[in-house]
Ligand code: AHR
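Below, the structure is given as structure tokens:
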């Protein structure tokens, strides 16, 4: 048996839970759009071709904002290909994923889908093969009411009212050699600055994200952020982070502790952004947009190697690409990544799990067939549903165990929120230990726990399974949530987390 003691004090908060922390991502990649969210002819499709079975799962998952249309895809994308009568839209060879793009789905369709799903649009512009002119035209098309060339074209294309898109990404992973139109930090920093300036001259009320590093292991990490922000600091609001994790050669302890890297990555980018600000004597703070994160089994292949393998394939429309099947271990890791984002919610105010459907996604769908929840669906859905109000600072003393990559790590991971309005405290807990249950005591200071509505739910290895157990088309609910007993004793909340588990606990509290 391992143990952990967590102290939560009413007066020690990180800040409000950012609404956009529970974002997702739809890229024109593989089957995320086509046969994912959009499949005219599917038995569940509505009159716009949106799969309503997928939409129902999206609503249950609860993303608040969805990034679109890429990803690597956006760096070669002409946004004008995706507007106007569908039958007149060009079919293109799409280089990032070696795919034939029909353009049957474009900006109007995505905005309509987002409204149906009840999510905010986060739009990415192409700063790979395109530039300032295409960017400002897109802002005029999307956001200007009318009476100008681009806004009137939008109206002729059926959208009388502006799309009113506030949150924009200035390109994607421009530090990556695999990116179409890859740039040096100097080149990109200047381009992002000028694109941002031109976009704001069309609509001054935009929130703009500059590309940071594609992951914390990039050789240019740190220097990239420093150079980009030294150019674009005054014009942008966010710097982006991307991170994907996987189990390397059976090193499950390091995989389960990968949120240590997320913590390090976030804190390093905050330090770098603040150093640039301090040097400029600026009172403005750049926040972080963690706009791609997830588990992704790249199996030792870097993204550029994957692209070299892809170009040997025949050209196809919406091929199956990186449709990872997630297991119990992956779900626990996703829970800890969400915890890391929450703990840093004062600076990470946008985050997008990549991606939404089929492509490294919490939701899977089959063409003409069913849609179902992967294991990683559950920690996301529950955290997005329960994390409300203030993020609480958590002081944890946990049993530790060794991991090759991070040294000694806490066996138990925690994040906590408290919504004073509803009187609900939410605890998000993970037991990284594979063998032993962990007894967790949460001491509340300045808050009194009640018993009415005290609930716990846990995701762990099913009785007839192991840590590799996953949900599949023919066993869609093998891994899910079950009830977790929770006690309140002497003002403390007590739970016993099974080995390898993720849990959420709702505690009714009053101020003491
Ligand atoms: O999400 C899959 C890909 O991962 C995205 O297109 C790219 O931005 C990242 O490398």
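In the numbering used here, the protein residues as written are 1 to 512. Cβ coordinates follow ideal geometry from the N, Cα and C atoms, glycine included.
_Tell me which residues share the same chain as residue 473 and place their Cβ nearer than 8 Å to its Cβ, disregarding the 5 neighbours each side in the sequence._
Correct list, in chain order: 364, 366, 369, 370 and 372.
*asked:* Please confirm whether residue 63 has its beta-carbon closer than 7 Å to some beta-carbon of chain C.
replied: Looking for chain C here will not work: only one protein chain is present.
*For residue 354, is the beta carbon positioned less than 6 Å from some heavy atom of the ligand AHR?*
yes
*Would the beta-carbon of residue 426 fall within 7 Å of that of residue 386?*
yes
*For residue 173, verify whether its CB is less than 6 Å away from any heavy atom of the ligand AHR.*
Because some heavy atom of the ligand AHR lies under 6 Å away, the Cβ of residue 173 counts as near it: yes.
_C-alpha gap between residue 330 and residue 230, whole angstroms_ = Going by C-alpha positions, residue 330 is about 37 Å away from residue 230.
_Opposing strand residues paired with residue 391 [DSSP bridges]_ = Paired residue(s): 15 and 417.
*Give a yes or no on whether the C-beta atoms belonging to residue 209 and residue 238 are separated by under 7 Å.*
yes
_Alpha carbons only, please: which of 469, 345 and 376 is nearest the one belonging to residue 16?_
345
_residue 68, DSSP secondary structure in three states_ = It is a strand residue.
*Say the cut is 6 Å; is the CB of residue 126 nearer than that to a heavy atom of the ligand AHR?*
no
*What's the C-alpha gap between residue 199 and residue 233?*
15 Å
*Check whether the Cβ atoms of residue 577 and residue 189 sit closer than 7 Å, and answer yes or no.*
Nothing can be reported for residue 577, as the shown portion of the chain is limited to 1 through 512.
*asked:* Quick test of your reading: residue 74 and residue 124, contact by CB under 8 Å. State the CB separation rounded to the nearest angstrom.
replied: 5 Å
_I want to check one thing, is the minimum distance from the CB of residue 76 to the heavy atoms of the ligand AHR below 6 Å?_
No, the beta carbon of residue 76 sits no closer than 6 Å to any heavy atom of the ligand AHR.
*Would you identify the three-state DSSP class for residue 39, choosing helix, strand or coil?*
coil
*Just to confirm, does residue 72 get its C-beta within under 6 Å of one of the non-hydrogen atoms of the ligand SAH?*
Looking for the ligand SAH in the displayed structure turns up nothing; the ligands present are the ligand AHR.
*Kindly indicate which three-state DSSP category residue 163 falls into: helix, strand or coil?*
Three-state DSSP puts residue 163 in coil, outside helix and strand.
_the stretch 113–122 contacting the stretch 73–91, beta-carbon criterion three pairs below 8 Å_ = no
*Helix, strand or coil: how does DSSP classify residue 229 here?*
helix
*asked:* For residue 290 and residue 465, I'd like the C-alpha separation in whole angstroms.
replied: 33 Å
*asked:* Looking at the secondary structure, which residues open and close the beta strand (DSSP E) in which residue 487 lies?
replied: 486–489
*asked:* My parser needs the beta strand (DSSP E) runs of 3 or more residues fully inside the stretch 327–355; what are they?
replied: 348–354
*Count the CB pairs spanning the stretch 277–296 and the stretch 349–365 that are closer than 8 Å, and state whether there are at least three.*
yes
*Would DSSP call residue 375 helix, strand or coil?*
coil
_Buried or exposed (CB count within 10 angstroms, at least 16 for buried), residue 271_ = exposed
*For the stretch 334–342 against the stretch 259–275, are there 3 or more C-beta pairs whose distance is under 8 Å?*
Yes, since at least three Cβ pairs between the stretch 334–342 and the stretch 259–275 fall closer than 8 Å, the two stretches touch.
*Which residues mark the beginning and the end of the alpha helix (DSSP H) in which residue 193 is found?*
185–202
*So the alpha helix (DSSP H) residue 59 belongs to, where does it begin and stop?*
From DSSP, the alpha helix (DSSP H) with residue 59 extends over 52–61.
*Could you work out which residue in 172, 247 and 117 is closest to residue 240 when comparing CA atoms only?*
Residue 240 has its Cα closest to that of 172, out of 172, 247 and 117.
*asked:* Let me make sure I understand the geometry here. Which of 397, 404 and 422 has the alpha-carbon closest to that of residue 410?
replied: Here the closest residue by C-alpha is 397.
*Take residue 39 and list the residues in its own chain whose beta-carbon comes closer than 7 Å to its own, dropping the five residues that flank it on each side.*
45, 49, 51 and 367
_Do residue 142 and residue 165 count as a contact pair if the criterion is CB distance below 7 Å?_
yes
*Just grab the DSSP bridge partners of residue 431 for me.*
412 and 501
_Three-state secondary structure assigned by DSSP to residue 558_ = No answer is possible for residue 558: the residues shown for the chain start at 1 and end at 512.
_For residue 272, the three-state DSSP class (helix, strand or coil)_ = helix
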